[in-house]
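Accompanying notes for the structure given below.
Numbering (this note's numbering), first residue to last: 103 to 226.
What follows is the structure, encoded as structure tokens:
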């Protein structure tokens with residue numbers, strides 16, 4: 103099993119996880135996805151959330167926030183949390199984790215903690 107597959111599987115063990123993807127935000131393509139929800143097309147989510155990441159990067163540039171990095175971006179829906187976490191390792195620049203959670207079952211703080219740990223062990 104590749105390191106990426108292991109990372110996706112580990113992310114899916116987070117309580118309330120609906121789906122997870124590793125996404126290249128230069129192309130908007132999902133490098134890998136895992137999830138079993140019929141309501142959530144992870145490839146569409148990957149492409150759409152690429153726009154979110156790019157917009158935030160542009161905004162930070164316009165604000166001259168050169169010493170800052172995005173830790174994560176949270177989108178809160180009535181029934182779901184969507185967590186976007188750009189990877190920071192040199193070998194994984196330009197890639198982000200996308201994690202969709204069932205808001206009623208998930209512990210957001212724990213999910214953020216676990217996804218940070220998964221990122222530390224991921225090599226792409």
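The beta carbon of each residue, even a glycine, is placed where N, CA and C say it ideally should be.
Which listed residue (the options) has its alpha carbon closest to that of residue i
| i | options | result |
| --- | --- | --- |
| residue 186 | 111, 150 and 138 | 150 |
| residue 136 | 128, 125, 156 and 111 | 111 |
| residue 184 | 196, 155 and 195 | 155 |
| residue 122 | 202, 107, 222 and 225 | 202 |
| residue 125 | 200, 109 and 211 | 200 |
| residue 148 | 169, 208, 141 and 129 | 129 |
| residue 141 | 107, 172 and 204 | 204 |
| residue 206 | 180, 191, 171 and 219 | 180 |
Alpha-carbon to alpha-carbon, residue j and residue i
| i | j | result |
| --- | --- | --- |
| residue 115 | residue 176 | 19 Å |
| residue 164 | residue 119 | 34 Å |
| residue 145 | residue 132 | 6 Å |
| residue 197 | residue 217 | 14 Å |
| residue 143 | residue 152 | 14 Å |
| residue 212 | residue 182 | 15 Å |
| residue 174 | residue 159 | 12 Å |
| residue 127 | residue 178 | 21 Å |
| residue 210 | residue 138 | 20 Å |
| residue 162 | residue 168 | 7 Å |
| residue 223 | residue 108 | 10 Å |
Extent of the continuous alpha helix (DSSP H) run through residue i
| i | result |
| --- | --- |
| residue 214 | 210-223 |
Limits of the beta strand (DSSP E) - the one that residue i falls within
| i | result |
| --- | --- |
| residue 130 | Per DSSP, residue 130 belongs to no beta strand (DSSP E) and is neither H nor E. |
Short CB-CB distance (under 9 Å) between residue i and chain B
| i | result |
| --- | --- |
| residue 202 | In the displayed structure, chain B is absent; only one protein chain is listed. |
Expected contact under 8 Å - CB spacing of residue i and residue j to nearest Å
| i | j | result |
| --- | --- | --- |
| residue 189 | residue 221 | 6 Å |
| What are the start and end residues of each continuous beta strand (DSSP E) run of 3 or more residues lying completely inside the segment 114-196, in chain order? | Within the segment 114-196, the beta strand (DSSP E) runs of at least 3 residues that lie entirely inside it are, in chain order, 119-126, 131-137, 175-178 and 182-188.
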